[in-house]
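Accompanying notes for the structure given below.
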Amino acid sequence: MQQSPLLKVHNVGINFGGLKAVSDFNMEIHQGELIGLIGPNGAGKTTCFNLLTGVYIPTEGDILLEGIRLNGLAPYQVTQRGISRTFQNIRLFNELSVLDNVKVAYHSLAKHSILSSIFRLPTHFSGEKEMEEKSIEFLKIFQLDTFLYEKAKNLPYGMQRRLEIARALAAGPKLLLLDEPAAGMNPQETQELMELIAFIREKFNLTILLIEHDMKLVMGICERIYVLDHGQLIAKGSPNEIRNHPKVIEAYLGEEVVESHVEG
Ligand SMILES: Nc1ncnc2c1ncn2[C@@H]1O[C@H](COP(=O)(O)OP(=O)(O)OP(=O)(O)O)[C@@H](O)[C@H]1O
Ligand SMILES: [Mg+2]
Numbered sequence: 023m024q025q026s027p028l029l030k031v032h033n034v035g036i037n038f039g040g041l042k043a044v045s046d047f048n049m050e051i052h053q054g055e056l057i058g059l060i061g062p063n064g065a066g067k068t069t070c071f072n073l074l075t076g077v078y079i080p081t082e083g084d085i086l087l088e089g090i091r092l093n094g095l096a097p098y099q100v101t102q103r104g105i106s107r108t109f110q111n112i113r114l115f116n117e118l119s120v121l122d123n124v125k126v127a128y129h130s131l132a133k134h135s136i137l138s139s140i141f142r143l144p145t146h147f148s149g150e151k152e153m154e155e156k157s158i159e160f161l162k163i164f165q166l167d168t169f170l171y172e173k174a175k176n177l178p179y180g181m182q183r184r185l186e187i188a189r190a191l192a193a194g195p196k197l198l199l200l201d202e203p204a205a206g207m208n209p210q211e212t213q214e215l216m217e218l219i220a221f222i223r224e225k226f227n228l229t230i231l232l233i234e235h236d237m238k239l240v241m242g243i244c245e246r247i248y249v250l251d252h253g254q255l256i257a258k259g260s261p262n263e264i265r266n267h268p269k270v271i272e273a274y275l276g277e278e279v280v281e282s283h284v285e286g
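First residue of the sequence shown: 23, per my numbering; consecutive thereafter.
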């Protein structure tokens with residue numbers, strides 16, 4: 023028997039003035055899945071994340087996490103319910119150390135999170151020292167433990183990206199949303215990041231929704247992919263189904279023409 027989905031998005035839409043940034047968006051994600059959300063520039067991918075995380079309130083439709091409606095909750099409440107995210111443009115506490123960036127995130131630790139059971143984290147830490155030890159243990163996974171006291175802003179770009187993921191994960195999400203985590207990375211960094219994402223998913227038995235602009239990249243690690251274009255879901259399915267889908271090919275071809283035009 024199919025278990026009920028962790029996340030269910032039902033006919034969600036939002037208008038900005040006259041523009042329907044996203045409309046009739048439907049999605050189901052089950053515990054443990056790694057799902058890709060792709061689409062050309064301006065397709066509405068980040069807007070979907072903003073809808074899922076309480077940044078925007080949907081004009082229509084429902085968002086359910088474990089069957090409970092999230093519409094109208096503030097972002098911090100959504101985090102407490104178990105959805106964490108990273109941003110297309112990195113958001114860290116730049117003046118805080120690597121260690122403190124993670125410690126801050128522990129304060130919003132979702133109750134009964136997967137992370138808290140794996141690390142045997144109490145809902146409240148008994149002391150600063152305990153939280154620090156757990157944070158360092160955690161940062162090792164991201165190979166950031168040699169930069170614990172460095173200010174976040176001084177890290178090389180690729181490490182900032184990793185720190186942002188670590189910070190999102192420290193809040194103990196059931197569902198982790200990653201908005202173009204490989205943006206601005208070179209091919210080798212990108213490859214390593216994709217391996218890290220696959221690794222943390224296994225290690226924390228995590229469910230991940232990954233926005234990625236580059237179709238080939240998501241094909242490698244996601245088992246199912248949703249494709250947006252002009253705010254509409256134009257396809258969903260396995261990488262193979264998506265690769266050969268006429269509407270997807272058309273959407274991406276259009277973009278290549280635009281991009282080469284801009285570059286030329
Ligand atoms: N707060 C807002 N007010 C008005 N329009 C918005 C707002 N947020 C997003 N939009 C519009 O919604 C559309 C979708 O934008 P969105 O950022 O979600 O696209 P995207 O798929 O993430 O694109 P990209 O690949 O460039 O990141 C765009 O036309 C954008 O200009
Ligand atoms: Mg975006």
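Backbone N, C-alpha and C fix where the C-beta goes; we use that ideal spot for every residue, glycine too.
Contact test: Thr75 Cβ vs ligand 1 heavy atom, cutoff 7 Å: no
heavy atom of ligand 1 below 7 Å from Thr108 C-beta: no
Start and end residues, alpha helix (DSSP H) containing Thr229: Here Thr229 belongs to no alpha helix (DSSP H); instead the beta strand (DSSP E) covers 229-233.
Residue from Ser45, Thr212, Leu197, Val31 whose Cα sits closest to the Cα of Ile243: Thr212
Contacts around Leu114, its chain only, beta-carbon distance under 8 Å, and the 5 residues preceding and following it disregarded: Asn123, Ala174, Lys175, Gln182, Leu185, Glu186, Arg189
Bridge-paired residues (DSSP) for Lys30: Glu50, Leu86
Contacting residues, own chain, Cβ-Cβ under 8 Å from Met216 (five flanking each side not counted): Ala204, Leu239, Gly242, Ile243
heavy atom of ligand 1 below 7 Å from Glu68 C-beta: Looking at the sequence shown, residue 68 is not Glu but Thr. Checking every heavy atom of ligand 1 against the Cβ of Thr68, one is found closer than 7 Å.
Meets three-Cβ-pair contact criterion under 8 Å: the segment 243-258 and the segment 72-80: no
When Val126, Leu161, Glu272 are compared against Glu150, the one with the closest alpha-carbon: Val126
Reference Thr68, options Leu275, Glu152, His235, closest by Cα: His235
Pairwise C-alpha distance: Phe47 and Gly89: 17 Å
Buried versus exposed call for Asp84 [16 or more other C-beta atoms within 10 Å across all chains shown]: exposed
Pairwise C-alpha distance: Glu155 and Val44: 43 Å
Option in His252, Ile256, Ile222, Pro209 with minimal Cα separation from Leu41: His252
Short Cβ contact (8 Å threshold) for Gly39 with Pro80: no
Whole-Å CB distance - Asp269 paired with Thr229, under 8 Å assumed: Residue identity differs from the one stated: residue 269 is Lys in this sequence, not Asp. Between Thr229 and Lys269 the Cβ distance is about 26 Å, and since that is not below 8 Å, they are no contact.
Residues near Asn33 by beta carbon distance below 8 Å, same chain, minus five either side: Asp46, Phe47, Asn48, Glu82, Gly83, Asp84
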